[in-house]
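For reference, the structure discussed in these notes is given below.
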Amino acid sequence: MSCRSVEHPRFQIPHPRFHSAFRIPHSALVVLLLPFLALGAEPDLEKQVDTIVSKLRRASVEEVFAAERQLAGLGADAVPFLKTQLAKAQPPAQLALARALCSLGSPEETVKPLVALIEAGRAPELSVAAAAILAEEPARDLPATERELLRLADNAELAPEVARAVARALYFTATTEESLKKANATLRRLLVAAKDEAVRRECALALAEIDDFHPPVEDLLQAMAAEPTTAGRLARALVQNRNLKALLVKPKSREGSLNDRILDEVKSRIQLVHVEEPLPDQILVDAAAKGMFGALLRGEHPDRHSSYFDQEEWKKFREHIAGRYAGIGAVVQFMKHHDSGGTPLFTVVRPTYNGPAYKAGIRSYDRIIEVGGEPTTGKRPDEIIGLLRGKPGTEAVLAITRPGSTEKQTLKVTRADIEVPSVSSQLLPAKLGYVRLTAFSDSTAKDLSAALTALEKQGMLALVLDLRNNPGGQLQAAVEITDNFLKDNKLIVYTEGRNKRIAPREEYRTKDPTTHPDYPIAVLINGGSASASEIVAGALQDHQRAILIGQKTFGKGSVQKLFPLLATAGQSGMKITVAKYFLPSGRSIHGKGVAPDVKVSYKAPFTAKEFEHLRETGAFHRYAAAHWAKSKDTLARLAEFDNLDPAAYPEFDTWYKALAEEIGRDKARRLLRAWLRILAADGRGTEFACDPQEDNQLQRAILEVAKSIKGLDAKQIAEYRAFASQPLPKEEPDEDNGRPEGHPEE
């Protein structure tokens with residue numbers, strides 16, 4: 019008998035019938051057979067998954083989670099079959115499959131079906147369970163989870179119990195201040211809106227779960243804690259947990275080694291030999307942590323947006339997130355007046371026109387001399403503001419005087435949550451639309467769309483979008499706003515960081531198939547345009563949808579995430595830059611900004627000092643006292659457009675000659691018109707959106723969009739003739755004109 023073998027590139031196996039000395043060991047045989055056994059096992063796994071899933075068509079939540087444990091018990095080899103079933107399964111089965119995939123470390127494909135299940139709203143208990151899964155690791159660590167929950171939190175059609183579960187999930191996935199605020203605000207809104215006591219108690223428990231014990235949560239928990247019920251036990255546990263966290267971060271628990279030889283030695287030397295009483299460990303540890311973040315600021319790429327919050331700072335930050343501070347709705351500061359004898363008075367510079375102060379009768383430059391019977395003189399501004407603030411619905415009693423009068427008026431102002439509109443608009447002559455965005459908030463995209471629709475109904479032919487001095491805000495608002503003007507599936511912005519798990523490449527694309535018409539667009543930008551403003555401007559520029567006019571933007575294009583510290587039981591934390599924004603062309607915004615297509619620096623018609631001088635000396639008041647009441651319509655029209663003619667103002671020369679200083683007739687006209695615009699805005703209860711008569715950057719934008727409108731000659735429009743007839747200035751060099759000394763905060 020000859021010796022035969024089976025040839026293999028790496029080894030030879032003797033024929034099994036040959037001598038027993040050449041037989042393969044049993045363990046090796048098992049190893050060789052494993053691949054064949056695995057191939058035979060796959061159909062069994064697929065069948066087991068199918069069997070478990072088929073029983074879940076009408077399952078209860080308890081049965082769903084029991085099935086999830088069975089599915090997860092099949093192990094990692096079952097993941098491909100779980101994913102296949104997830105795409106086609108019924109809602110109860112989707113829950114079990116999604117939870118099993120998360121348990122097996124494969125959460126990436128679970129977010130979309132879970133979100134769809136929540137939005138469907140067919141069975142609230144399943145939607146609540148879906149939200150709970152998204153709030154757990156590892157699904158909550160996915161950037162897509164936070165983004166989708168943030169969007170769901172705005173869905174007014176969700177059932178209250180589902181909205182509550184979504185808000186709770188958003189809190190536990192939150193890595194940004196925006197998400198924390200949204201989660202807390204949603205739960206607070208549900209608590210206030212709840213008429214049923216059981217719903218109020220559920221909201222209170224959810225708020226306590228996210229560490230918000232502000233009134234009335236504490237009282238509701240105390241009432242529940244005395245009950246021998248499940249809710250009572252949960253309330254007691256939440257209160258005990260809050261107290262335990264406080265104990266965990268006592269200074270004593272922070273003593274000991276810093277687990278670094280250099281830091282430990284420095285700490286020991288300071289405490290041992292420094293001339294003053296030794297600083298406790300807690301202060302030195304916090305200082306060391308702050309020092310590490312200081313290194314980021316002093317590094318090759320300075321990062322002023324990352325920071326460490328010690329226990330007190332984190333507490334204040336959380337209170338800022340959770341708290342509701344209602345006020346009267348006014349910009350206030352101490353100012354001198356012509357009739358105050360040189361004593362600064364606490365003055366309303368401008369009321370918020372949709373706020374309670376304006377509704378109660380307060381107007382620009384009214385003086386608040388008492389709040390609740392307490393005089394404002396001698397107090398610090400923050401003390402007075404503290405008196406003006408309070409709970410929504412409570413009343414502030416104010417005593418005011420008006421410029422030129424010593425008569426004290428008493429007004430009752432009902433405090434409210436103040437919402438300053440972030441969108442203002444106006445149809446300019448020749449049917450040119452103007453829209454100004456001052457921030458990117460929850461309602462900005464919706465309000466912008468409404469403003470555009472209104473302008474289009476009036477026949478708008480072109481648009482000037484003003485983003486100057488807009489510090490930014492919500493990324494989603496920037497994406498939705500850009501989506502208004504771009505068609506198809508276009509990239510708007512993407513974020514990417516070094517750590518791909520925390521900050522993978524996230525793309526934001528257009529979704530809305532409907533867009534506003536393809537009218538010409540000019541976008542105004544300057545050094546105060548930051549973050550979300552830069553995304554909108556840069557994306558429209560990259561897609562050649564708009565021309566950018568003004569000055570280079572600020573250059574804030576980094577993404578920060580919040581991280582509570584486990585070492586202090588979440589009682590201190592960090593804000594760390596984890597990624598950067600990139601425009602569709604791939605260029606980074608951060609540290610570079612977005613350059614305009616047409617460089618135009620802003621040339622102010624007068625200085626703030628010149629305006630304040632005429633206001634303080636009473637020149638404005640004297641003219642208004644003599645002419646506003648009897649010539650209101652004429653002066654309001656001149657506030658809109660005065661054709662650059664001082665003679666159009668009643669008795670202008672008489673007023674001008676009485677001025678204490680020679681400032682030039684034309685400048686005096688400009689200053690007087692600025693004051694009349696304040697009076698006109700107070701009278702109609704809305705601000706002027708813009709001033710094409712004095713704003714040279716806006717004038718250039720008007721000329722640029724007018725070029726694209728067939729048959730439009732700006733020189734033939736009375737309001738545009740003066741600047742349209744002038745030769746265009748030469749393109750200016752890059753400079754920081756209009757850039758703030760500090761940095762815009764979102």
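Quick note on our numbering: the sequence shown kicks off at 19 and runs consecutively. Glycine included, C-beta positions come from ideal geometry on N, C-alpha and C. From a predicted model like this one, the values you see are computed outputs, not experimental measurements.
Quick one, which of the options has its alpha-carbon nearest residue i's?
{"i": "Lys334", "options": "Glu634, Ile380 and Asp230", "result": "Asp230"}
{"i": "Ser549", "options": "Thr571, Ile567, Val723 and Lys65", "result": "Thr571"}
{"i": "Asp72", "options": "Arg519, Arg251 and Leu115", "result": "It is worth fixing the name first, because residue 72 is Ser in this sequence and not Asp. Checked all of Arg519, Arg251 and Leu115; the closest Cα to Ser72 is Leu115."}
{"i": "Leu205", "options": "Thr191, Val184 and Pro535", "result": "Val184"}
{"i": "Val554", "options": "Arg218, Gln492 and Asp95", "result": "Gln492"}
{"i": "Pro415", "options": "Asp465, Gly391 and Leu721", "result": "Contrary to the premise, residue 415 reads as Val rather than Pro in this sequence. The option with the nearest alpha carbon to Val415 is Gly391."}
{"i": "Val129", "options": "Glu143, Leu122 and Leu113", "result": "Leu113"}
{"i": "Leu225", "options": "Thr247, Arg260 and Leu152", "result": "Arg260"}
{"i": "Arg420", "options": "Ala642, Ile520, Val453 and Pro522", "result": "Ala642"}
{"i": "Asp278", "options": "Val303, Ser649 and Arg322", "result": "Val303"}
{"i": "Glu175", "options": "Arg140, Pro623 and Ala243", "result": "Arg140"}
{"i": "Ser619", "options": "Arg633, His631 and Leu716", "result": "Leu716"}
{"i": "His534", "options": "Ser547, Tyr512, Asp506 and Pro110", "result": "Asp506"}
{"i": "Thr193", "options": "Ile720, Arg691, Ile594 and Gly703", "result": "Ile594"}
{"i": "Ala77", "options": "Arg254, Pro110 and Leu632", "result": "Pro110"}
{"i": "Ile735", "options": "Ala171, Phe352, Asn661 and Gly588", "result": "Asn661"}
{"i": "Ala105", "options": "Ala244, Ala468, Leu119 and Thr432", "result": "Leu119"}
{"i": "Gln569", "options": "Leu580, Lys621 and Leu690", "result": "Lys621"}
{"i": "Arg322", "options": "Ala613, Gln578 and Leu583", "result": "Gln578"}
With distances taken between CB atoms, is the gap from residue i to residue j smaller than 7 Å?
{"i": "Pro125", "j": "Ala157", "result": "yes"}
{"i": "Glu413", "j": "Lys430", "result": "yes"}
{"i": "Phe327", "j": "Gly591", "result": "yes"}
{"i": "Ala448", "j": "Val723", "result": "no"}
{"i": "Ser423", "j": "Ser440", "result": "no"}
{"i": "Ile499", "j": "Ala472", "result": "no"}
{"i": "Gly575", "j": "His608", "result": "yes"}
{"i": "Gly347", "j": "Gly373", "result": "yes"}
{"i": "Cys221", "j": "Leu208", "result": "yes"}
{"i": "Ala378", "j": "Pro410", "result": "no"}
{"i": "Ile387", "j": "Val366", "result": "no"}
{"i": "Ala307", "j": "Leu281", "result": "no"}
{"i": "Arg683", "j": "Pro664", "result": "yes"}
{"i": "Ala597", "j": "Gly515", "result": "yes"}
{"i": "Ala707", "j": "Ser443", "result": "yes"}
{"i": "Thr395", "j": "Ile402", "result": "no"}
{"i": "Gly532", "j": "Leu504", "result": "First, the residue type needs correcting, since residue 532 is Thr and not Gly in the sequence shown. No."}
{"i": "Ala181", "j": "Tyr189", "result": "no"}
{"i": "Leu677", "j": "Ala644", "result": "no"}
{"i": "Leu100", "j": "Ala85", "result": "no"}
{"i": "Glu634", "j": "Lys354", "result": "yes"}
{"i": "Ile696", "j": "Ser358", "result": "no"}
{"i": "Ala657", "j": "Ala698", "result": "yes"}
{"i": "Gly345", "j": "Ile436", "result": "yes"}
Using the Cβ count rule (16 or more neighbours within 10 Å means buried), how would you classify residue i?
{"i": "Glu525", "result": "exposed"}
{"i": "Val349", "result": "exposed"}
{"i": "Gln30", "result": "Below a pLDDT of 50, predicted positions are generally treated as unreliable, and Gln30, at 35, falls in that range; the measurement from the model is reported next regardless. So Gln30 counts as exposed."}
{"i": "Gly573", "result": "buried"}
{"i": "Ile301", "result": "exposed"}
{"i": "Pro269", "result": "Its pLDDT being 48, under 50, Pro269 is placed unreliably by the model, and nothing is read from it."}
{"i": "Gly91", "result": "exposed"}
{"i": "Gln108", "result": "exposed"}
{"i": "Glu80", "result": "exposed"}
{"i": "Pro745", "result": "exposed"}
{"i": "Lys748", "result": "exposed"}
{"i": "Ala59", "result": "Low per-residue confidence applies at Ala59: pLDDT is 48, beneath 50, and the placement is therefore not dependable, though the value from the model is reported in the following sentence. By the 10 Å Cβ count, Ala59 comes out exposed."}
Closer than 7 Å, CB to CB, is residue i near chain B or not?
{"i": "Tyr326", "result": "Among the protein chains of the structure shown there is no chain B, as only one such chain exists."}
(message) Whether or not the region 549–560 and the region 470–478 are in contact is what I'm after, with contact meaning three or more pairs of Cβ atoms, one per stretch, closer than 8 Å; do they touch?
(response) No contact exists between the region 470–478 and the region 549–560.
(message) If we require 4 or more residues per run, which alpha helix (DSSP H) segments fall completely within the region 676–714?
(response) Fully enclosed alpha helix (DSSP H) runs of no fewer than 4 residues occupy 683–702 of the region 676–714, in order along the chain.
(message) Check whether the region 667–674 and the region 594–610 touch, using three or more Cβ-Cβ pairs below 8 Å as the test.
(response) No contact exists between the region 667–674 and the region 594–610.
(request) Quick one: which unbroken alpha helix (DSSP H) runs of 4-plus residues sit fully inside the region 176–201? Chain order, please. (result) Within the region 176–201, the complete alpha helix (DSSP H) runs of at least 4 residues are 178–191.
(request) List in chain order: all unbroken alpha helix (DSSP H) runs of 4+ residues lying wholly within the region 557–641. (result) Counting only runs of 4 or more, we get 626–634.
(request) Quick one: which unbroken alpha helix (DSSP H) runs of 4-plus residues sit fully inside the region 68–143? Chain order, please. (result) 79–91, 97–104, 109–121 and 129–138, all fully within the region 68–143.
(message) Give the list of continuous alpha helix (DSSP H) stretches no shorter than 4 residues that lie fully inside the region 479–532.
(response) For the region 479–532, whole alpha helix (DSSP H) runs of length 4 or above, ordered along the chain, are 493–501.
(request) Please specify which runs of the beta strand (DSSP E), each continuous and at least 3 residues long, are wholly inside the region 324–359, giving them in chain order. (result) Runs found: 325–327 and 348–353.
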